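Participant: After the structure tokens below, expect a handful of questions from me.
There are 2 protein chains.
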Amino acid sequence: MRARFFAPHAHTTGAVVALPDDEAEHLTRVLRVKRGDDVIVFNGQGLAFDATVQSVRKDGVEVLLGARCEAAPEPRVAVTLVQAVLKGDKMDDVVRDAVMIGVAAIQPILATRSEVTLASIQRGRRRDRWERIAVSSAKQCGRAVVPVILEPEPFDAVAALVEERRLSGPALMLVEPTAGAEVVSLGELDVPPPREASILVGPEGGWTPGEIAAASERYRLITLGGRTIRGDAMALVAVASLFTKWGEY
Amino acid sequence: MRARFFAPHAHTTGAVVALPDDEAEHLTRVLRVKRGDDVIVFNGQGLAFDATVQSVRKDGVEVLLGARCEAAPEPRVAVTLVQAVLKGDKMDDVVRDAVMIGVAAIQPILATRSEVTLASIQRGRRRDRWERIAVSSAKQCGRAVVPVILEPEPFDAVAALVEERRLSGPALMLVEPTAGAEVVSLGELDVPPPREASILVGPEGGWTPGEIAAASERYRLITLGGRTIRGDAMALVAVASLFTKWGEY
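In structure tokens form, the structure reads like this:
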């Protein structure tokens, strides 16, 4: 299988485009691809091309775009994963897995029990890191789309995101079955396949009752039953289940 | 939340039972539970009890079983995960996740591309290790059932397992969408919720065409579409999707 590289400026057959530094490094140092080699590039917005390495220099790598080629199909429902930030590497794994399963965007939020602060996320340039992980995961799973990692927000901002339609379509919040009278199972959820949807997944320690009460005004509360799913596996399980419900598989 | 311990001999309220060494060690050294403390024990076969620590000695820990208590509900479909052994820690992660999502049993098999041999599995006492991981995962996810880890078998033995009804119910093999004309999507699969089912998940490099041809006589070939799912996440995604299809969520 030819190696795949992310080239955000790849739009037109016949053009010569430079790879971003990370990608050029991966191409030359790790995969040892050379001038004249055939590769695939994708622009992160849905286009993929057969391409030929045109030049490999210290200051970068350029590729010549050939014909458009197929990438892994995108899901019919564009899901935004609204994920409470998890500790350390676990959030990295969630980003990797969410891209692999096929989400359209990831909105990190800071929940009461997130054990991480917005300041430490900014100081640690975590969003840059998550973006690199999203690129890397898109390369591996065959997508030509790199999901957007949105600016991390406090929990309270979610309501505004829904109201301003920056999150559109049905909005679902994953909770324990005991979280309240309004909680429904996925099977009971009467929502036909939408074009867009958002799904809110909590931190390791779960949502606080206050968060559930606040979110329940705008979000439907759904549950996947009584077995405890690890925080870092919940998004993967939830998106796979929603995709199944909505006929993606 | 009270700590949960695995006590395979716990069957009757009023009895005093010893914890296995691993569990006793966990109770005393890690959680520092003491004589008189309240805990929960489960026997791995579906029963859980309120219990009180009766004695803590160098040679072991005993608990007095109180009233039966509820554990996380078991899925209505008893799924046996027939998993091609993955490299190193990845198989450990699959066992952990499969127990968490709710499989009833795990049958490790050696596929052509497994990159592991039966001899090395036996020499490394890998099955013992997977059994410990299954206990640990059951403790965390709240189940009172510890799924059975069956003796690892070569791929060719699967046919006999199906024929001898040691694997009963619908048998599904996960493949790439391009694996042949008989491949159906999960949505196209016309199988009502069974009591038992088995699902065959391949190694990192996928099944060989020979394996697919051999299995297709007894297994239905199903696909989750064209995005490449990591080998160590496939079982989790597949079981979550099947559970959704069969009304578990």
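Protein chains in written order, with the working numbering: chain A, 1 to 249; chain B, 250 to 498.
A virtual CB, placed ideally from N, CA and C, is assigned to each residue, including glycine.
Since we're looking at a predicted model, the values are computed, not measured.
The beta strand (DSSP E) spanning Met349 of chain B covers which residue range?
Facilitator: Met349 of chain B -> not in any beta strand (DSSP E); alpha helix (DSSP H) instead, spanning Asp338 to Ile350.
Participant: List the residues of chain B that Gly225 of chain A touches, going by C-beta distances under 9 Å, in chain order.
Facilitator: Those within 9 Å of Gly225 of chain A in chain B are Ala321, Pro322, Pro324, Gly351, Phe492, Glu497 and Tyr498.
Participant: For a contact meaning CB atoms closer than 7 Å, what does Leu485 of chain B contact in chain A?
Facilitator: Going along chain A in sequence order, the residues near Leu485 of chain B (Cβ under 7 Å) are Ala233, Leu236 and Val237.
Participant: Can you give me the Cβ contacts of Ala489 of chain B inside the same chain, cut-off strictly under 7 Å, excluding the 5 residues immediately before and after it?
Facilitator: Once the five neighbours on either side are set aside, the close Cβ partners of Ala489 of chain B are Ile350.
Participant: Quick one: list the residues of chain B neighbouring Thr228 of chain A, beta-carbon separation under 8 Å, in chain order.
Facilitator: Residues of chain B passing the Cβ test: Ala321, Met349, Gln389, Cys390 and Gly391.
Participant: Sort out for me which residues DSSP pairs Glu445 of chain B with in a bridge.
Facilitator: Answer is B:Ala327.
Participant: Kindly indicate which residue of B:Gly293, B:Lys283, B:Asp286 and B:Gly496 has the alpha-carbon position closest to the one of Ala256 of chain B.
Facilitator: Of B:Gly293, B:Lys283, B:Asp286 and B:Gly496, the residue nearest in Cα terms is B:Gly293.
Participant: For Ser304 of chain B, count neighbouring C-beta atoms within 10 Å of its own C-beta (all shown protein chains included) and say buried if the count is 16 or more, exposed if not.
Facilitator: Exposed is the call here.
Participant: For a cutoff of 8 Å on Cβ pairs, would you count Gly187 of chain A as touching chain B?
Facilitator: It does: the Cβ of Gly187 of chain A has a partner Cβ on chain B nearer than 8 Å.
Participant: What do you reckon, are the CB atoms on Ile121 of chain A and Arg113 of chain A nearer than 8 Å?
Facilitator: Result no, Cβ atoms of Ile121 of chain A and Arg113 of chain A do not sit closer than 8 Å.
Participant: Can you tell me which of the three DSSP states Arg278 of chain B falls into?
Facilitator: If DSSP states are grouped into helix, strand and coil, Arg278 of chain B belongs with the helices.
Participant: Would Pro401 of chain B and Ile448 of chain B qualify as a contact pair, given that the criterion is a beta-carbon distance under 8 Å?
Facilitator: No.
Participant: Where are the alpha helix (DSSP H) runs, 4 residues long or more, that stay fully inside the stretch 292 to 316 of chain B, in chain order?
Facilitator: Complete alpha helix (DSSP H) runs here, min 4: none at all.
Participant: What residue range does the alpha helix (DSSP H) around Thr493 of chain B cover?
Facilitator: Note, Thr493 of chain B: alpha helix (DSSP H), Gly480 to Lys494.
Participant: Straight-line CA distance for Ala273 of chain B to Val395 of chain B?
Facilitator: If I take the Cα positions, the gap works out to 18 Å.
Participant: Please go through the stretch 344 to 391 of chain B and give each complete alpha helix (DSSP H) segment of 4 or more residues, from N-terminal end onward.
Facilitator: Listed in chain order, they are 367 to 372 and 375 to 390.
Participant: If you draw a straight line from the alpha carbon of Pro269 of chain B to that of Ala160 of chain A, how long is it in whole angstroms?
Facilitator: One C-alpha to the other measures close to 53 Å.
Participant: Using a Cβ-Cβ cut-off of 7 Å (strictly less than) and excluding sequence neighbours within five positions of Tyr219 of chain A, which residues of its own chain qualify?
Facilitator: Closer than 7 Å at the Cβ level, and outside the excluded window around Tyr219 of chain A, lie Ala171, Leu172, Met173 and Leu200.
Participant: My guess is that Pro426 of chain B and Thr457 of chain B are in contact by the Cβ rule of under 8 Å, so how many angstroms apart are they, rounded?
Facilitator: In fact, because the Cβ distance is near 17 Å, the residues do not count as touching under 8 Å.
Participant: Could you please give the first and the last residue of the uninterrupted beta strand (DSSP E) stretch that includes Ala259 of chain B?
Facilitator: Looking at the DSSP string, Ala259 of chain B is not in any beta strand (DSSP E), and its letter there is neither H nor E.
Participant: Is Leu296 of chain B near Ala259 of chain B, with beta carbons less than 8 Å apart?
Facilitator: Cβ atoms of Leu296 of chain B and Ala259 of chain B: closer than 8 Å.
Participant: Nearest to Gly210 of chain A by CA position, among A:Arg227, A:Arg195, A:Gly36 and A:Ala179, is which residue?
Facilitator: Nearest option by C-alpha distance: A:Ala179.
Participant: Using a C-beta cutoff of 8 Å, does Asp59 of chain A count as contacting chain B?
Facilitator: So no, Asp59 of chain A is outside the interface.
Participant: Assuming Asp481 of chain B contacts Val343 of chain B under a Cβ cut-off of 8 Å, what Cβ separation, rounded to an integer in Å, is found between them?
Facilitator: 6 Å between Cβ atoms; contact.
Participant: If we call anything under 8 Å between Cβ atoms a contact, is Val348 of chain B one with Glu497 of chain B?
Facilitator: In this structure, Glu497 of chain B does not lie closer than 8 Å to Val348 of chain B by Cβ.
Participant: Give the DSSP-derived three-state secondary structure of Ala160 of chain A in the structure shown.
Facilitator: Here Ala160 of chain A sits in helix by DSSP.
Participant: Kindly indicate if chain B contains any beta-carbon less than 8 Å away from that of Ala78 of chain A.
Facilitator: Not an interface residue.
Participant: Is Ser465 of chain B closer than 8 Å to Glu412 of chain B when the C-beta atoms are compared?
Facilitator: In this structure, Ser465 of chain B does not lie closer than 8 Å to Glu412 of chain B by Cβ.
Participant: So if DSSP puts Asp38 of chain A in a beta bridge, which residue, or which two residues, is it bridged to?
Facilitator: Note: Asp38 of chain A sits in a beta bridge opposite A:Thr52.
Participant: Less than 6 Å between C-beta atoms, sequence neighbours within five positions excluded: which residues of the same chain meet that for Pro154 of chain A?
Facilitator: So the list reads Leu110, once near-sequence residues are dropped.
Participant: Under a three-way DSSP split, which group does Pro458 of chain B fall into?
Facilitator: Correct three-state label for Pro458 of chain B: helix.
Participant: At what residues does the beta strand (DSSP E) containing Leu421 of chain B begin and finish?
Facilitator: First-last of the beta strand (DSSP E) with Leu421 of chain B: Ala420 to Leu423.
Participant: Since Ala428 of chain B meets chain A, which of its residues come closer than 7 Å, beta carbon to beta carbon?
Facilitator: Residues of chain A passing the Cβ test: none, with the nearest at roughly 15 Å.
Participant: Quick check: Lys339 of chain B and Arg253 of chain B, are their CB atoms within less than 8 Å of each other?
Facilitator: In this structure, Arg253 of chain B does not lie closer than 8 Å to Lys339 of chain B by Cβ.
Participant: Hey, quick one: how far does the beta strand (DSSP E) through Leu470 of chain B stretch, first residue to last?
Facilitator: Here the beta strand (DSSP E) through Leu470 of chain B covers Arg469 to Thr472.
Participant: Name the chain B residues that come within less than 8 Å of Asp50 of chain A, Cβ to Cβ?
Facilitator: In chain order: nothing, as chain B lies at least about 18 Å away.
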